[in-house]
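Novice:
2 protein chains.
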Amino acid sequence: MQFNHILIVEDQDLANLSLRLTLEGLELPRPVHIYHTGHALSMLKKALSENEPFDLLVTDLYFEEEGTAKQLPDGMELIRGAKLLQPELKVLVFSTESKIAMIRGLYEDLGIDGFVRKARGDAGELKNALEQLSENRRYYPRDYRSLAAKENQHEFTDRDKAIVRLLNEGFSQKEIADWLELNGMPPFRLSSVEKRLKLMREAMNFSKNQQLIGFCKDLGMI
Amino acid sequence: MQFNHILIVEDQDLANLSLRLTLEGLELPRPVHIYHTGHALSMLKKALSENEPFDLLVTDLYFEEEGTAKQLPDGMELIRGAKLLQPELKVLVFSTESKIAMIRGLYEDLGIDGFVRKARGDAGELKNALEQLSENRRYYPRDYRSLAAKENQHEFTDRDKAIVRLLNEGFSQKEIADWLELNGMPPFRLSSVEKRLKLMREAMNFSKNQQLIGFCKDLGMI
DNA sequence: TGACCAGGTACGGTTTTCCCTAAAAACAGC
DNA sequence: GCTGTTTTTAGGGAAAACCGTACCTGGTCA
Chain X
4 MQFNHILIVE DQDLANLSLR LTLEGLELPR PVHIYHTGHA LSMLKKALSE NEPFDLLVTD
64 LYFEEEGTAK QLPDGMELIR GAKLLQPELK VLVFSTESKI AMIRGLYEDL GIDGFVRKAR
124 GDAGELKNAL EQLSENRRYY PRDYRSLAAK ENQHEFTDRD KAIVRLLNEG FSQKEIADWL
184 ELNGMPPFRL SSVEKRLKLM REAMNFSKNQ QLIGFCKDLG MI
Chain Z
4 MQFNHILIVE DQDLANLSLR LTLEGLELPR PVHIYHTGHA LSMLKKALSE NEPFDLLVTD
64 LYFEEEGTAK QLPDGMELIR GAKLLQPELK VLVFSTESKI AMIRGLYEDL GIDGFVRKAR
124 GDAGELKNAL EQLSENRRYY PRDYRSLAAK ENQHEFTDRD KAIVRLLNEG FSQKEIADWL
184 ELNGMPPFRL SSVEKRLKLM REAMNFSKNQ QLIGFCKDLG MI
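Protein sequences, first through last, are from chains X and Z. If you read the first sequence in this note's numbering, its first letter stands for residue 4, the second for the next number, and so on. If you read the second sequence in this note's numbering, its first letter stands for residue 4, the second for the next number, and so on.
See the structure below:
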């Protein structure tokens, strides 16, 4: 494996420890290791400017805040920033996230290179993932393909998600129509909102909008 | 600390490794360690019959299945069984679960003695928890009290949960009323269902039933 | 140019939900 | 038993959601 400069961003002490041990077991160089996303970006920047860029970023998605005050960027913001700064940087996400919509978003929107779920057999998966990545291939979790296909009955647009989100926030369909108009997301007549909801329900074999809300929540779409 | 016989049930390789290291650091005896819930109960039983009962059970809540076939009991079933078998056994849950309703259920319904969330600072929390438990006290996560209080605006009865669940499954309020009658959960007239939903909405400051669904989903209540 | 199609809209009728009031039933205390 | 309170039920009117149809628009393609 050809990783020379590895950055790990992870705040779970225990996960951390074992992550390091696993890398050691693979005879990879000792990674740089930080506990929250606060300085991760500046670290990447510094390494880049010193001509010793990182070539692998391993990060979690969610971080607890230290106190209550400062709001640290979460893993997704970090990834977005990192890929912007250094597009060729390999990014491996190591997280408990299991919502398919969310994981798919990581690959498609953020361009991550691998995802390993903290779960049974994660040590082995981690090893596989690192091998794939070092050969410039993406690594997908074992069951990703089948699950992603199953979910894919209806392709939710941003507008769809907005509608479901607003519905979940308690707005009436009329109000949602007004909101869509205000935010320039045509079409925005009540009848269109009705029609779209009907379409979504039918695609999912639901009879009630409530089911849509539950479904999207489960998927992590809203 | 007075733990002599510790059983760890955890299938995440990495979490596992570090869990063991932490216990070692506390100079606790080497724990017995298994990767899924399958034989955990029989193990407890055997130890009991041999007059060397376990005095601490550390377990996760969710386990991935090995293949696709066999359905292993999850952490909650294990705990239920363990407490039934050996009521004085201390049970510490070590999981990423963050849904308040769920955690509260663990304490109140299953009678667990401690809960440590896999998150920032978990190593320290684990240590604290073990100290508390060894002094026969329960250990609650840092933010449990405040969160539990906040959630507690409305006490959801089983009937409430059933109503919300059925609503989420796409039944009309009329059908829910019929279902309640069928399942002997009075009152079960439509008007009662309406009234109850109204009460729940008002308690939560919601205007639409959809919001209730989202809320209960987030809490892990349904 | 004209036929055609797709997507958005308007609108009317039906169903479901929402909300309020009042009657009936269940329950507690005496 | 009686009385007062609470809970459940019944019903009706208003609002919202649901559903089908028909119309209008803009674009495509022959």
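Backbone N, C-alpha and C fix where the C-beta goes; we use that ideal spot for every residue, glycine too.
Quick check on the DSSP output: the alpha helix (DSSP H) that includes LEU277/Z runs from which residue to which?
Specialist: What is shown of chain Z runs 4 to 225, which leaves residue 277/Z out entirely.
Novice: Output, in chain order, the set of chain Z residues within a Cβ distance shorter than 8 Å of GLN214/X.
Specialist: As a working mapping, residue 214/X is identified with position 211 in the first sequence. Those within 8 Å of GLN214/X in chain Z are ASN171, GLU172 and GLY173.
Novice: If you draw a straight line from the C-alpha of LEU26/X to the C-alpha of ASP125/X, how long is it?
Specialist: In the first sequence, counting from the first residue as 1, residue 26/X sits at position 23. In the first sequence, counting from the first residue as 1, residue 125/X sits at position 122. In a straight line, the C-alpha of LEU26/X is about 13 Å away from that of ASP125/X.
Novice: Any C-beta of chain Z sitting closer than 8 Å to the C-beta of LEU136/X?
Specialist: Reading the first sequence from its first residue, position 133 is the one you call residue 136/X. So, not an interface residue.
Novice: Should the stretch 84-91 of chain X be regarded as contacting the stretch 203-210 of chain X, the criterion being three or more beta carbon pairs within less than 8 Å?
Specialist: Cβ pair count under 8 Å is below three, so no.
Novice: Bridge partners of PHE118/X, per DSSP?
Specialist: Here residue 118/X refers to the residue found at position 115 when the first sequence is read from its first residue. DSSP, once it has assigned bridges, lists VAL96/X as partnering PHE118/X.
Novice: Tell me which residues of the stretch 196-220 of chain X have at least one Cβ-Cβ distance to chain Z shorter than 8 Å, keeping chain order.
Specialist: Here the close residues are PHE209, SER210, LYS211, ASN212, GLN213, GLN214, ILE216, GLY217 and LYS220.
Novice: Output needed in chain order: residues of the stretch 18-30 of chain X with a Cβ under 9 Å from some Cβ in chain Z.
Specialist: Hits within the stretch, in order: ALA18, ASN19, LEU20, SER21, LEU22, LEU24 and THR25.
Novice: Within the same chain, show all residues whose beta-carbon is closer than 7 Å to that of MET224/X, passing over the 5 residues directly before and after it, in chain order.
Specialist: Mapped onto the first sequence, residue 224/X falls at position 221. ALA104, PHE159 and LYS164.
Novice: By how many angstroms is the C-alpha of ILE9/X removed from the C-alpha of ARG33/X?
Specialist: Indexing the first sequence from 1 puts residue 33/X at position 30. Indexing the first sequence from 1 puts residue 9/X at position 6. Straight-line Cα distance between these residues: approximately 8 Å.
Novice: From ASP63/X to SER98/X, what does the alpha carbon distance come to, in whole angstroms?
Specialist: Stepping through the first sequence from its first residue, residue 63/X is reached at position 60. Stepping through the first sequence from its first residue, residue 98/X is reached at position 95. Near 5 Å, if we compare the C-alpha coordinates of SER98/X and ASP63/X.
Novice: Return the bridge partner residues of THR62/X from the DSSP annotation.
Specialist: By one-based count along the first sequence, residue 62/X stands at place 59. Answer is VAL12/X and VAL96/X.
Novice: For HIS36/Z, does the three-state DSSP call read helix, strand or coil?
Specialist: Residue mapping note: residue 36/Z aligns to position 33 of the second sequence, counting from 1. Looking at HIS36/Z - three-state DSSP - the assignment turns out to be strand.
Novice: Give the C-beta separation of LEU22/X and ILE11/X to the nearest angstrom, bearing in mind that I take them to be a contact with Cβ-Cβ under 8 Å.
Specialist: For the purposes of this step, residue 22/X is taken as residue 19 along the first sequence, with counting starting at 1. For the purposes of this step, residue 11/X is taken as residue 8 along the first sequence, with counting starting at 1. LEU22/X to ILE11/X, Cβ: 6 Å. Contact.
Novice: Please tell me whether GLN15/Z has its Cβ less than 8 Å away from any Cβ of chain X.
Specialist: As a first step, residue 15/Z must be located in the second sequence, where it is residue number 12. Interface residue, yes.
Novice: Using 8 Å as the threshold, is the C-beta distance between VAL119/X and PRO144/X below it?
Specialist: Counting from 1 along the first sequence, the entry for residue 119/X is found at position 116. Counting from 1 along the first sequence, the entry for residue 144/X is found at position 141. It is a contact, given that the beta carbons lie within the stated cut-off.
Novice: Contact check, GLN213/X vs ASN171/Z under 8 Å by CB: the rounded distance?
Specialist: Mapped onto the first sequence, residue 213/X falls at position 210. Mapped onto the second sequence, residue 171/Z falls at position 168. The Cβ separation is near 6 Å, so the contact holds.
Novice: Cα-Cα, which of GLY108/X, LEU31/X and ALA132/X is closest to GLY117/X?
Specialist: Residue numbering aside, residue 117/X sits at position 114 when the first sequence is read from its first letter. Looking at the Cα atoms, ALA132/X is the closest of the given residues.
Novice: Buried or exposed: GLN5/Z, going by 16 or more other Cβ atoms within 10 Å of its Cβ?
Specialist: The residue given as residue 5/Z occupies position 2 in the second sequence. Answer is exposed; the Cβ neighbour count stays below 16.
Novice: Taking the Cβ atom as the reference point for each residue, do LEU95/Z and PHE57/Z lie within a distance shorter than 8 Å?
Specialist: Here residue 95/Z refers to the residue found at position 92 when the second sequence is read from its first residue. Here residue 57/Z refers to the residue found at position 54 when the second sequence is read from its first residue. No; because the gap between Cβ atoms is not below 8 Å, this pair is not in contact.
Novice: Could you spell out where the alpha helix (DSSP H) holding GLN176/X opens and where it closes?
Specialist: By one-based count along the first sequence, residue 176/X stands at place 173. Where GLN176/X is concerned, the enclosing alpha helix (DSSP H) stretches over 176-185.
Novice: Where ASP221/X and GLU53/X are concerned, what is the direct C-alpha to C-alpha distance, given to the nearest angstrom?
Specialist: Walking along the first sequence from the start, residue 221/X turns up at place 218. Walking along the first sequence from the start, residue 53/X turns up at place 50. In a straight line, the C-alpha of ASP221/X is about 44 Å away from that of GLU53/X.
Novice: Sorted by chain position, which residues of the same chain lie with C-beta nearer than 7 Å to LYS73/Z's C-beta, five sequence neighbours on each side aside?
Specialist: Residue mapping note: residue 73/Z aligns to position 70 of the second sequence, counting from 1. For LYS73/Z, the predicted structure reports a pLDDT of 46, less than 50, and the residue's modelled location is therefore unreliable. The matter cannot be settled from this model.
Novice: Any beta carbon of chain X sitting closer than 8 Å to that of THR99/Z?
Specialist: Numbered from 1 along the second sequence, position 96 holds the residue referred to as residue 99/Z. Answer yes: the Cβ-Cβ gap between THR99/Z and chain X drops below 8 Å somewhere.
Novice: Using a Cβ-Cβ cut-off of 6 Å (strictly less than) and excluding sequence neighbours within five positions of LYS121/Z, which residues of its own chain qualify?
Specialist: Along the second sequence, one-based indexing puts residue 121/Z at 118. Excluding residues within five positions, the ones whose Cβ falls inside 6 Å are THR99.
Novice: State yes or no: is the beta carbon of ALA132/X nearer than 8 Å to at least one beta carbon in chain Z?
Specialist: Counting from one through the first sequence, the residue named residue 132/X turns up at place 129. So, not an interface residue.
Novice: Are the C-beta atoms of ASP161/Z and some chain X residue less than 8 Å apart?
Specialist: Counting from 1 along the second sequence, the entry for residue 161/Z is found at position 158. So, not an interface residue.
Novice: Does any residue of chain X have a CB that is nearer than 8 Å to the CB of ASP125/Z?
Specialist: Within the second sequence, numbered from 1, the residue matching residue 125/Z stands at position 122. Judged by the 8 Å Cβ criterion, ASP125/Z is in contact with chain X.
Novice: In three-state terms, what does DSSP make of TYR110/Z?
Specialist: In the second sequence, counting from the first residue as 1, residue 110/Z sits at position 107. Helix at TYR110/Z.
Novice: If we call anything under 8 Å between Cβ atoms a contact, is ASP16/X one with HIS39/X?
Specialist: Locating residue 16/X in the first sequence gives position 13, counting from the first residue. Locating residue 39/X in the first sequence gives position 36, counting from the first residue. For ASP16/X and HIS39/X, no; Cβs fall outside 8 Å.
Novice: Output needed for GLY217/Z: all residues of its chain with C-beta closer than 7 Å, excluding positions within five of it in sequence on either side, in chain order.
Specialist: Mapped onto the second sequence, residue 217/Z falls at position 214. Closer than 7 Å at the Cβ level, and outside the excluded window around GLY217/Z, lies no residue.
Novice: Rounded to the nearest angstrom, what separates CYS219/X and ILE115/Z at their Cα positions?
Specialist: Taking the first residue of the first sequence as position 1, residue 219/X is located at position 216. Taking the first residue of the second sequence as position 1, residue 115/Z is located at position 112. Cα to Cα, CYS219/X sits roughly 32 Å from ILE115/Z.
Novice: Can you tell me whether DSSP reads TYR147/Z as helix, strand or coil?
Specialist: The residue given as residue 147/Z occupies position 144 in the second sequence. DSSP places TYR147/Z in helix when its eight states are reduced to three.
Novice: If you drop the 5 nearest sequence neighbours on each side, which residues of the same chain put their C-beta closer than 8 Å to that of ARG162/Z?
Specialist: Stepping through the second sequence from its first residue, residue 162/Z is reached at position 159. These residues qualify, in order along the chain: LEU183, MET188 and ARG199.
Novice: CB-CB under 8 Å to LEU215/Z, same chain, minus the five flanking residues each way: which ones, in chain order?
Specialist: Against the second sequence, residue 215/Z aligns to sequence position 212. Once the five neighbours on either side are set aside, the close Cβ partners of LEU215/Z are VAL167, LEU170, LEU200, MET203, ARG204, MET207 and PHE209.
Novice: Consider the Cβ of LYS121/Z: report whether some Cβ of chain X lies at a distance smaller than 8 Å.
Specialist: Counting from one through the second sequence, the residue named residue 121/Z turns up at place 118. True, the Cβ-Cβ gap to chain X drops below 8 Å.
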